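Everything in the sequence shown is counted per my numbering, starting at 62 for the first residue and increasing by one. All residues carry an ideal CB built from backbone N, CA and C; glycine is no exception. Quantities reported herein were computed from a predicted structural model and do not represent experimental measurements.
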Amino acid sequence: MRPGPWFFLLALLLSAPASARERQEASVFRQRTLLVSSQPDGVPPLELHVAAGTATLVESDVPLGPLSFQDVRGRIQLVPIDDHRLVLVPSEDLTQGERLPFVVGATPRAGPLRFSLVTRRDEVDTSVLLVRASPAAADEDAARALVLQLLSAPEARATFAVPQEIGKLAGPESRVRLVSLLRLGQRLFVTLAVGTLQPGLRPWRPRQLRLRATIGRGPSFVEWPVPFLSGPLEKKKQQFHVLTALLPEGTTRLEVALDGEHVPGAFHVLPLEAAVELP
Numbered sequence: 062m063r064p065g066p067w068f069f070l071l072a073l074l075l076s077a078p079a080s081a082r083e084r085q086e087a088s089v090f091r092q093r094t095l096l097v098s099s100q101p102d103g104v105p106p107l108e109l110h111v112a113a114g115t116a117t118l119v120e121s122d123v124p125l126g127p128l129s130f131q132d133v134r135g136r137i138q139l140v141p142i143d144d145h146r147l148v149l150v151p152s153e154d155l156t157q158g159e160r161l162p163f164v165v166g167a168t169p170r171a172g173p174l175r176f177s178l179v180t181r182r183d184e185v186d187t188s189v190l191l192v193r194a195s196p197a198a199a200d201e202d203a204a205r206a207l208v209l210q211l212l213s214a215p216e217a218r219a220t221f222a223v224p225q226e227i228g229k230l231a232g233p234e235s236r237v238r239l240v241s242l243l244r245l246g247q248r249l250f251v252t253l254a255v256g257t258l259q260p261g262l263r264p265w266r267p268r269q270l271r272l273r274a275t276i277g278r279g280p281s282f283v284e285w286p287v288p289f290l291s292g293p294l295e296k297k298k299q300q301f302h303v304l305t306a307l308l309p310e311g312t313t314r315l316e317v318a319l320d321g322e323h324v325p326g327a328f329h330v331l332p333l334e335a336a337v338e339l340p
């Protein structure tokens, strides 16, 4: 009998250096669900966090397309399980700042997906479920109308007396502030202001916004790109961006990331407890 893929997987894990297994004790092991669609140009690849000695199971709700993956140093083994599942097994960590491209090709049912394999000292993905984005919900038109209203007069509809600075961005001296946080049942409306402190420079503009919801006490997460609209450049050298999304059931923590063209942005916490409920 020929050994199956699980036999090779076990052998690879047992061969990991002891230093890698010791480092795992300081890491948070995550189970993520990624709501994905075919990624347009100008949007950075999704990140998968891998670490030596830890297997990362990647599972898709539709059959996976042809895989494009090249690691000339042979540090990561790719073990196909079936049409929907594969396992990534690194024999050593990727270097700091290294981003290893990994592409899942198109199929008759789904477009291509681009990923970057990275190593983070504090986070490791043990399983990643890829769920293709479903068609827009029936209430999207009504939600878009409210987004346009918020964008027409964002400061007049602020829910914070003083906008809260929630993070720094990749742009020159750029900051992102939370202007309003509104909730209508499970639907959330978020107004962000991105500004610059340097005279004569335009505020940095995100190419994509993503949300990350922690489900229950964790470590289960759901991540997905969200539609957003941007207002005109203000005289105060800031630009407003309004997004809307339906929160997954059981969300206990919510974060937003503002992505650049090539690199995904860091996540910033949104204070759900401060959201104002719409009548």
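- Take S129, set aside five residues on each side of it, and the residues of its chain with a beta-carbon closer than 7 Å to its own are V164 and G166, in chain order.
- Taking 7 Å as the cut-off, the Cβ atoms of L212 and G292 count as close.
- DSSP places F130 inside the beta strand (DSSP E), whose first and last residues are L128 to F130.
- Inclusion of V208 and V317 in the CB contact set at 7 Å is not warranted, their separation being larger than that value.
- Residue P267 holds the alpha-carbon nearest to the alpha-carbon of A327 among G246, F250, P267 and L139.
- In this structure, P309 lies near V283, with their beta-carbon atoms less than 7 Å apart.
- In the structure shown, Q157 adopts coil according to DSSP, grouped into three states.
- Taking a 10 Å sphere around the C-beta of G126, we find 16 or more other C-beta atoms and assign the residue as buried.
- For the 7 Å CB-CB criterion, V337 and L272 do not form a contact.
- It is roughly 30 Å from the alpha-carbon of V119 to the alpha-carbon of L230.
- Cα atoms of P325 and E108: separation of roughly 8 Å, rounded to the nearest angstrom.
- Cβ-Cβ separation between L139 and L155: approximately 14 Å, too far for a contact (criterion under 8 Å).
- Where H110 is concerned, the enclosing beta strand (DSSP E) starts and stops at L107 to H110.
- Taking C-beta separations shorter than 8 Å and ignoring five residues to either side along the sequence, the partners of D144 in its chain run P124 and L125, following chain order.
- Using a Cβ distance threshold of 7 Å, A194 and S98 count as a contacting pair.
- Taken through DSSP and simplified to helix, strand or coil, V283 comes out as strand.
- A straight line joining the alpha-carbon of F90 with that of D183 spans about 9 Å.
- In the DSSP assignment, A254 falls within the beta strand (DSSP E) that extends over R248 to T257.
- Under the three-state reduction of DSSP output, E310 falls in the coil class, being neither helix nor strand.
- Excluding the 5 residues flanking it on each side, G277 has same chain C-beta neighbours closer than 8 Å at G311 and T313, in chain order.
- In its chain, beyond the 5 residues on either side, V192, A194 and W285 have a beta carbon closer than 6 Å to the beta carbon of L96.
- Within the same chain, and ignoring the five residues on either side of R134 in sequence, no residue has its Cβ closer than 6 Å to its Cβ.
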